[in-house]
Amino acid sequence: MAKIFPVYFTLQAALPAVLALTYPASRNPFGVAGGVAGVLDPSNRWSVLAPLAGAFACAVGNLAVIGPATTRVMDERRVQERKDGKKSNDAPPHSQEMVALNKRFSMLHGISSLLNLATFVGTVVYGFTLSSRLS
1 MAKIFPVYFT LQAALPAVLA LTYPASRNPF GVAGGVAGVL DPSNRWSVLA PLAGAFACAV
61 GNLAVIGPAT TRVMDERRVQ ERKDGKKSND APPHSQEMVA LNKRFSMLHG ISSLLNLATF
121 VGTVVYGFTL SSRLS
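Numbering-wise, the UniProt record's numbering puts 10 at position 10 of the sequence shown, and it's gapless, one number per residue.
Spelled out as structure tokens, the structure:
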């Protein structure tokens, strides 16, 4: 897991950047430009820029902050499991240290899941915007 998630979060952060670079220009020669210029056009602020920037920010948050913090807590739990002689997911009772580590892990995991969901929603919103241009 500790090796898979950094790759996943890197790809998740790269996708909005690639989508911004490949934003298609308007068919109208006087319409919105393509690429980053089109993404930054004021008419695309809420339908293109906000979803892509939000997805990018959430993915980078997972990659740079939440993911490493979660991995550290997982490592701390492994150390505590050896001290306690009991797995973190075994039936209670657990040591106070393990209870605190499990609570912290659950919180970080929940935040990571919310960031993943926000990235997904931003990508879907952008997908609807992109598909509306296919006519």
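From the three backbone atoms N, C-alpha and C, an ideal C-beta is built for every residue, glycine too.
None of the values given here were measured: they were computed from a predicted structure.
Relative to the alpha-carbon of residue i, which residue among the options has its alpha-carbon at the smallest distance?
| i | options | result |
| --- | --- | --- |
| A37 | A64, W46 and T22 | T22 |
| M74 | A91, A57, S132 and E97 | E97 |
| G54 | F5, F105, G31 and A14 | A14 |
| Y8 | G35, F128, S112 and V121 | S112 |
Near residue i, what residues of its chain come up, given a Cβ to Cβ distance below 8 Å and the 5 sequence neighbours on each side ignored?
| i | result |
| --- | --- |
| N102 | R77, S88 and H94 |
| A118 | G54, A55 and C58 |
| A33 | A25, S26 and D41 |
| L63 | P6, F9, T10, Q12 and A13 |
| G31 | A25 |
| L115 | C58, A59, G61, N62 and I66 |
Does the beta carbon of residue i sit closer than 8 Å to a beta carbon anywhere in chain C?
| i | result |
| --- | --- |
| A20 | As a matter of chain content, chain C is missing from the structure shown, which is built from one protein chain. |
Along the chain, where does the alpha helix (DSSP H) containing residue i start, and where does it finish?
| i | result |
| --- | --- |
| D90 | Careful: D90 lies outside any alpha helix (DSSP H) and carries neither H nor E. |
| F30 | Neither: F30 is in no alpha helix (DSSP H) and is coded neither H nor E. |
| G35 | G35 to L40 |
| Y8 | I4 to L21 |
| L52 | A50 to G61 |
| R45 | Segment: none, R45 is in no alpha helix (DSSP H) and carries neither H nor E. |
If you reduce the DSSP assignment to three classes, tell me which class residue i lands in.
| i | result |
| --- | --- |
| G110 | helix |
| L101 | helix |
| P24 | coil |
| R133 | coil |
Apart from the five residues on each side of it in sequence, which residues of its chain come closer than 7 Å, Cβ to Cβ, to residue i?
| i | result |
| --- | --- |
| V48 | Y23, V39, Y126 and T129 |
Between which residues of its own chain and residue i is the CB-CB distance below 6 Å, once the five residues before and five after are set aside?
| i | result |
| --- | --- |
| G122 | P51, G54 and A55 |
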